[in-house]
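Novice: With positions in the sequence shown counted from 1, the corresponding number in this note's numbering is that position plus 14. Note that beta-carbon positions come from the ideal geometry of N, C-alpha and C, so glycine has one too. Following this message is one structure expressed as structure tokens.
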Amino acid sequence: MNITINRVLCILGLFLSFGSLAANKLEGVRIWAAPESTRVVFDLTAKPSYTQSTLVAPDRLVVDLDDSQTKLALDKIANNSKLVKRIRLSKPPKKGVLRLVIDLNRPVNANLFSLPPTEPYGNRLVVDLEEKGKETRTIAAPSESARDIIVAIDAGHGGDDPGSIGPSGLYEKKVAFEIAKRVQAKLDATPGMKAVLTRTGDYYIHPNKRSELARKHRADLLVSIHADAFTSPEPRGASVWVLSMRRANTEIGRWLEQKEKHSELLGGAGEIIQNADNEQYLAMTLLDMSMDRSMAISHSIAGDVLKELGKVTPLHKNLPESASLAALKSPDIPSILVETGFISNPKEESQLKNATHQDKLARAIHSGVLRYFEANAPADSLLAKRSGSSKHKVSRGESLSVIAAQYGISITALRQANNLKSDTLRIGQQLVIPKG
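So this is what it looks like as structure tokens:
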């Protein structure tokens with residue numbers, strides 16, 4: 015009898031042990047703060063099953079993790095967020111549930127999703143918090159006086175997204191940010207040029223937000239900086255990418271469906287179009303013209319940057335490549351993506367972490383961008399004013415109408431300034447741009 019009871023107790027003990035092993039464990043919490051948003055990451059031993067709810071007075075986000083437990087001291091978590099006051103445990107609604115409460119400093123929009131293991135992280139529950147109302151902010155109208163040419167520098171990845179990881183453990187996000195800051199410094203030191211960073215620290219920005227930030231700053235160009243990687247260590251060299259025509263057309267289609275964005279993308283004309291359903295063809299024409307112009311500029315700048323990079327590092331591709339890349343999804347803003355080298359190649363990884371090599375890469379990017387804008391300065395820019403009249407090098411896909419629209423002048427004025435007998439242009443042809 016005693017033997018039977020002991021066996022039953024042993025079996026029950028095994029079941030209890032298996033049950034405790036099956037429970038998900040919260041092993042870490044990381045808070046990544048951006049200026050107007052915050053990402054909270056819960057590191058778990060298994061895929062989470064969760065529910066969420068929002069409470070007010072005071073503002074809180076409640077996350078219930080099923081079949082979970084933790085031994086973390088949540089009050090010890092590093093927190094530099096303006097949105098998150100603290101993260102704490104609370105009494106669960108039922109046994110086995112781990113209730114986490116994110117106390118907030120102000121109302122937020124919350125987006126929760128789980129991520130599978132990806133080096134260097136395991137299973138994660140991600141909580142993206144964005145302050146309510148920030149998305150409606152607008153930028154003041156530009157000044158009538160001569161302006162700086164604005165270049166948005168986008169350091170790839172960041173925060174919980176390390177990007178590719180080199181053989182020695184170097185993170186792509188760190189390399190990209192260091193080079194981005196160097197490019198910013200060189201552009202800011204150039205009269206008539208100004209750089210803005212899409213991220214100013216180690217935090218994550220959704221790819222959709224990166225081009226939106228560039229647009230809000232009225233950027234003339236978006237340069238996204240990355241480091242390439244491959245499954246084997248052999249590939250090496252830098253490359254420059256532009257938006258593919260297929261991706262550009264997809265984005266144009268999305269814009270046409272979102273009438274509230276027409277004004278933002280087309281200026282004053284958008285106010286008329288968004289209230290007239292029968293004039294959608296006009297919106298399509300204007301957006302197509304904007305896309306043609308920005309893509310032609312992107313190709314030209316990509317070529318100039320690639321030439322400069324070839325002077326300081328091997329090239330993986332000798333000509334600009336096009337692809338459907340998340341960072342390049344804004345056909346209204348000329349955009350390029352610079353792969354500064356292969357972080358998966360041990361030799362190039364060593365170079366990419368070297369400050370001197372980073373500065374050479376930054377100088378090459380700066381020189382390529384400057385070369386283009388010195389030859390093709392926007393008519394209202396300080397660079398154009400200094401030279402009296404600006405010049406424009408004809409790129410693939412450009413026409414007289416596209417170039418005239420870019421500089422805000424008439425086709426007739428452009429013809430007269432260049433003594434053109436016809437509207438036919440050749441790639442590489444230099445045009446004088448008269449004052450508007």
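Return the first residue and the last residue of the alpha helix (DSSP H) that residue 457 is part of.
Specialist: Because residue 457 is not part of the residues shown, which for the chain are 15 to 450, the question remains open.
Novice: Any idea if residue 438 is buried or exposed, counting beta-carbon neighbours within 10 angstroms, 16 or more meaning buried?
Specialist: Indexing the sequence shown from 1 puts residue 438 at position 424. Burial call: exposed.
Novice: Counting C-beta neighbours from all protein chains within 10 Å, is the total for residue 514 16 or more, i.e. buried, or is it exposed?
Specialist: Outside the displayed span of the chain (15 to 450) sits residue 514, for which this structure offers no information.
Novice: Going along the chain, which unbroken runs of the beta strand (DSSP E) with 3 or more residues stay wholly within the region 179-223?
Specialist: Runs found: 207-211.
Novice: Can you tell me which of 310, 307, 317 and 354 puts its alpha carbon nearest to the alpha carbon of residue 326?
Specialist: In the sequence shown, the residue the question calls residue 326 occupies position 312. When each option's Cα is compared against that of residue 326, the closest is 354.
Novice: Taking only three categories from DSSP, how would you classify residue 226?
Specialist: As a first step, residue 226 must be located in the sequence shown, where it is residue number 212. Residue 226: helix per DSSP, three-state reduction.
Novice: Please report the straight-line C-alpha distance between residue 202 and residue 366, rounded to a whole angstrom.
Specialist: Numbered from its first residue, the sequence shown carries residue 202 at position 188. Numbered from its first residue, the sequence shown carries residue 366 at position 352. Going from the Cα of residue 202 to the Cα of residue 366 covers about 23 Å.
Novice: Judging by CA-CA distance, which residue of 65, 188, 111 and 56 is the nearest neighbour of residue 136?
Specialist: Mapped onto the sequence shown, residue 136 falls at position 122. The shortest C-alpha separation from residue 136 is found at 56.
Novice: Could you check the C-alpha separation between residue 196 and residue 376 for me, to the nearest Å?
Specialist: As a working note, residue 196 is residue 182 in the sequence shown. As a working note, residue 376 is residue 362 in the sequence shown. If I take the Cα positions, the gap works out to 6 Å.
Novice: Which value, in whole angstroms, describes the spacing of the CA atoms of residue 87 and residue 105?
Specialist: Here the question's residue 87 lines up with position 73 in the sequence shown. Here the question's residue 105 lines up with position 91 in the sequence shown. Looking at the two C-alpha atoms, the distance is approximately 16 Å.
Novice: If you follow the alpha helix (DSSP H) that residue 425 is in, where does it begin and where does it stop?
Specialist: Within the sequence shown, residue 425 is the residue found at index 411, counting from 1. First-last of the alpha helix (DSSP H) with residue 425: 425-431.
Novice: Determine the closest residue to residue 431 out of 440, 441, 321 and 418, with distance taken between C-alpha atoms.
Specialist: The residue you call residue 431 lines up with position 417 of the sequence shown. The residue with the shortest Cα to Cα distance from residue 431 is 418.
Novice: Taking Cβ positions, are residue 399 and residue 209 nearer each other than 9 Å?
Specialist: Working through the sequence shown from its first residue, we reach residue 399 at position 385. Working through the sequence shown from its first residue, we reach residue 209 at position 195. It is not a contact, given that the beta carbons lie outside the stated cut-off.
Novice: Measure from the alpha carbon of residue 232 to the alpha carbon of each residue in 78, 395, 134 and 414, then state which is nearest.
Specialist: Within the sequence shown, the letter at position 218 stands for residue 232. Minimum Cα distance to residue 232 is reached at 395.
Novice: Taking residue 186 as the reference, which of 321, 223 and 238 has the closest Cα?
Specialist: Here the question's residue 186 lines up with position 172 in the sequence shown. It is 238.
Novice: Apart from the five residues just before and just after residue 69, which ones in its own chain have a Cβ nearer than 7 Å to its Cβ?
Specialist: Looking up residue 69 in the sequence shown gives position 55. Around residue 69: 76.
Novice: For residue 381, does the three-state DSSP call read helix, strand or coil?
Specialist: Taking the first residue of the sequence shown as 1, we reach residue 381 at position 367. Correct three-state label for residue 381: helix.
Novice: Cα separation between residue 288 and residue 352?
Specialist: Counting from 1 along the sequence shown, the entry for residue 288 is found at position 274. Counting from 1 along the sequence shown, the entry for residue 352 is found at position 338. Caution applies to residue 288, whose pLDDT of 44 falls short of 50 and renders its modelled position unreliable; the value that the coordinates give is listed next. In a straight line, the C-alpha of residue 288 is about 35 Å away from that of residue 352.
Novice: Exposed or buried, what is residue 138 when buried is set at 16 or more other beta-carbons lying within 10 Å of its beta-carbon?
Specialist: Numbered from 1 along the sequence shown, position 124 holds the residue referred to as residue 138. Buried, since its Cβ has 16 or more Cβ neighbours within 10 Å.
Novice: So what does DSSP say about residue 441, is it helix, strand or coil?
Specialist: Residue 441 sits at position 427 when you count from the first residue of the sequence shown. Correct three-state label for residue 441: coil.
Novice: Compare the C-beta of residue 161 with all C-beta atoms of chain D and state if any pair is closer than 9 Å.
Specialist: Here there is only one protein chain, and chain D is not present.
Novice: Leaving aside the five residues before and after residue 410 along the sequence, list all residues of the same chain whose C-beta is less than 7 Å from its C-beta, in chain order.
Specialist: By one-based count along the sequence shown, residue 410 stands at place 396. Result list for residue 410: 310, 313 and 441, in chain order.
Novice: Round the Cβ separation of residue 118 and residue 89 to the nearest angstrom and send it over; I've been treating them as touching at under 8 Å.
Specialist: As a first step, residue 118 must be located in the sequence shown, where it is residue number 104. As a first step, residue 89 must be located in the sequence shown, where it is residue number 75. About 17 Å; that fails the 8 Å criterion.
Novice: Taking 8 Å as the cut-off, does the region 166-180 touch the region 91-100 (at least 3 CB pairs, one atom from each stretch)?
Specialist: Short answer: they don't touch.
Novice: With the cut-off set at 9 Å, would you say residue 166 and residue 379 are in Cβ contact?
Specialist: Counting from one through the sequence shown, the residue named residue 166 turns up at place 152. Counting from one through the sequence shown, the residue named residue 379 turns up at place 365. No. Outside cutoff.
Novice: Among 59, 38, 114 and 121, which residue has its Cα nearest to the Cα of residue 131?
Specialist: In the sequence shown, residue 131 corresponds to position 117, counting from 1. The shortest Cα separation from residue 131 among 59, 38, 114 and 121 belongs to 59.
Novice: Measure how close the beta-carbons of residue 244 and residue 127 come, nearest whole angstrom, since I'm counting them as under 8 Å.
Specialist: On the sequence shown, residue 244 is found 230 positions in, with the first residue counted as 1. On the sequence shown, residue 127 is found 113 positions in, with the first residue counted as 1. Not really, about 28 Å apart at Cβ, beyond 8 Å.
Novice: Counting C-beta neighbours from all protein chains within 10 Å, is the total for residue 7 16 or more, i.e. buried, or is it exposed?
Specialist: For the chain, the structure presents residues 15 to 450; residue 7 sits outside this window and is missing.
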